[in-house]
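See below for the structure under consideration.
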Amino acid sequence: MSTLPTTLCGVRLTNPLIAAAGTCGYTGELGDALPLAKLGAVTSKSITLEPRDGNAPWRMVDIPGGMLNAIGLANVGVDRFLAEKLPSAAGMGCPLIGSIAGHSVDDYLSVAAKFDREPSIPIVELNVSCPNTADGLQFGEHPQALRQLLAAVRPALPSTKMLVKLSPNVGDIVAMAKAAIDGGADGLTLINTVSAMAIDVERREPRLSRGTGGLSGTAIHAIAVRMVHQVYRGVARDARIPLVGLGGVMQWQDAAELVLAGATCVGLGTALFVDPRTPLRVAKGLDAWVRRQGATSIGELVGALRT
Ligand SMILES: Cc1cc2nc3c(=O)[nH]c(=O)nc-3n(C[C@H](O)[C@H](O)[C@H](O)COP(=O)(O)O)c2cc1C
Numbered sequence: 007m008s009t010l011p012t013t014l015c016g017v018r019l020t021n022p023l024i025a026a027a028g029t030c031g032y033t034g035e036l037g038d039a040l041p042l043a044k045l046g047a048v049t050s051k052s053i054t055l056e057p058r059d060g061n062a063p064w065r066m067v068d069i070p071g072g073m074l075n076a077i078g079l080a081n082v083g084v085d086r087f088l089a090e091k092l093p094s095a096a097g098m099g100c101p102l103i104g105s106i107a108g109h110s111v112d113d114y115l116s117v118a119a120k121f122d123r124e125p126s127i128p129i130v131e132l133n134v135s136c137p138n139t140a141d142g143l144q145f146g147e148h149p150q151a152l153r154q155l156l157a158a159v160r161p162a163l164p165s166t167k168m169l170v171k172l173s174p175n176v177g178d179i180v181a182m183a184k185a186a187i188d189g190g191a192d193g194l195t196l197i198n199t200v201s202a203m204a205i206d207v208e209r210r211e212p213r214l215s216r217g218t219g220g221l222s223g224t225a226i227h228a229i230a231v232r233m234v235h236q237v238y239r240g241v242a243r244d245a246r247i248p249l250v251g252l253g254g255v256m257q258w259q260d261a262a263e264l265v266l267a268g269a270t271c272v273g274l275g276t277a278l279f280v281d282p283r284t285p286l287r288v289a290k291g292l293d294a295w296v297r298r299q300g301a302t303s304i305g306e307l308v309g310a311l312r313t
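Take 7 as the starting number for the sequence shown in the working numbering and just add one per residue.
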């Protein structure tokens, strides 16, 4: 029997491995590469109220240790998502986490209210790494802005569990986690991409059209481990709030580190671009590791760092 079955916010998962927002399409596209029943859950790309084309190219570039992206939330908008993409999620084989993004409190609120009516979205994840057009500040980089956002959005999700995805681009990640928990988060996902830049030295121009973008992959893994550890010890453990840890998970050892730091579930993003079947290898390695540690369930190792 596998040691990996896990519960996230009351939802049973086959294992703790979750395909990360924006790296696996809208719902079941990853099913072309692996049976989705072998995944804990799939997260949709972030859905906004209106359709968005996203940024001009280049919007993804390879750099040593990872990749930089500035996709700009390209998506079909919530109405087309619900009409054209969501119906196939019911037969996907694993739960869907619906990711929501926006540029105003009302944007988030409108998408949340529509998602809440969908039984095939048991959990939503708020991507708060978006600037509010009202003041230009990112919701996820200011505790007060995050509190205001959640005060509006939480009541619109009476039937749905709410994860808040934290941005690493802050000085005090525990303060942001506390703001999210005060605002009614049922769980926290961390981390989103790290703000970064790459320059083409011949052209003397940024390699991304937008100038800066988000760094993901191996280069950010140790940052993710540090932040999961700090949030777990600083607030989540006592508040009994589960964490989804992600950032640079390419092999089972990376996932095991995040579990020991305090993550109940582990997300994979950039690894899916390298090899979409990575979660299968990671699950196998994790299961063997849990047994070697003398545990019968991976849950026994969540936050079990010896310090
Ligand atoms: C191409 C790309 C697109 C992404 N799009 C989203 C998105 O739509 N919403 C979101 O919350 N995060 C998005 N992310 C961030 C990932 O979900 C994840 O938090 C981040 O990449 C760190 O994990 P990784 O190192 O395993 O990729 C995106 C990442 C990449 C690489």
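Just so it is clear, CB atoms sit at the ideal spot from N, CA and C, and this is done for glycine as well.
Excluding its 5 nearest sequence neighbours in each direction, A119 has C-beta neighbours in its own chain below 7 Å: A162, listed in chain order. DSSP places I205 within a strand segment (E or B) once states are collapsed to three. Taking A157 as the centre and dropping the five residues before and after it, the same chain places the C-beta of G189 closer than 7 Å to its C-beta, in chain order. V280 sits exposed, since fewer than 16 C-beta atoms from the chains shown fall within 10 Å of its C-beta.
Going by C-alpha positions, C30 is about 21 Å away from L214.
For I229, the enclosing alpha helix (DSSP H) has its first and last residue at H227 to V237. Per DSSP, the unbroken alpha helix (DSSP H) holding T284 starts and ends at T284 to R298. Exposure of T218 is indicated by the presence of fewer than 16 other C-beta atoms within 10 angstroms of its C-beta. Going by DSSP, M66 is part of no alpha helix (DSSP H) but of the beta strand (DSSP E) stretching over M66 to I69. The three-state reading of DSSP puts R243 in helix, counting H, G and I together.
With a beta-carbon spacing of about 17 Å, T13 and D293 fall beyond the 8 Å limit used to define contacts. For the set I103, R246 and R239, the Cα lying nearest the Cα of T313 is the one of R239. For I129, the pairing in a beta bridge is given by DSSP as I103 and K167. Secondary structure at R216: coil, using DSSP grouped into helix, strand and coil.
For the pair of segments examined, the stretch 205-214 was found not to touch the stretch 241-256: the number of CB pairs separated by less than 8 Å stays below three. Counting only residues of its own chain and dropping the five nearest sequence neighbours on each side, I226 has a CB closer than 8 Å to the CB of G72, P174, I197, T199, V200, G253 and G254. The straight-line gap separating the alpha-carbon atoms of P11 and D141 is approximately 43 Å. Annotation: the continuous alpha helix (DSSP H) that includes R153 extends over P149 to V159. Judged by DSSP in its simplified three-state form, V117 adopts helix.
Placement of the Cβ of H227 at a distance of less than 8 Å from at least one heavy atom of ligand 1 is found. G273 is the residue among W64, R298 and G273 whose C-alpha sits nearest the C-alpha of V231. In the three-state scheme derived from DSSP, where H, G and I count as helix and E and B as strand, I304 is classed as helix. Residue burial is scored here from C-beta neighbours: K290 has fewer than 16 other C-beta atoms within 10 angstroms and is therefore classed as exposed.
Judged by their CB atoms, V17 and P164 are not nearer to each other than the 9 Å cut-off. In summary, D260 is buried, with 16 or more beta-carbon neighbours lying within 10 Å of its beta-carbon over all protein chains present.
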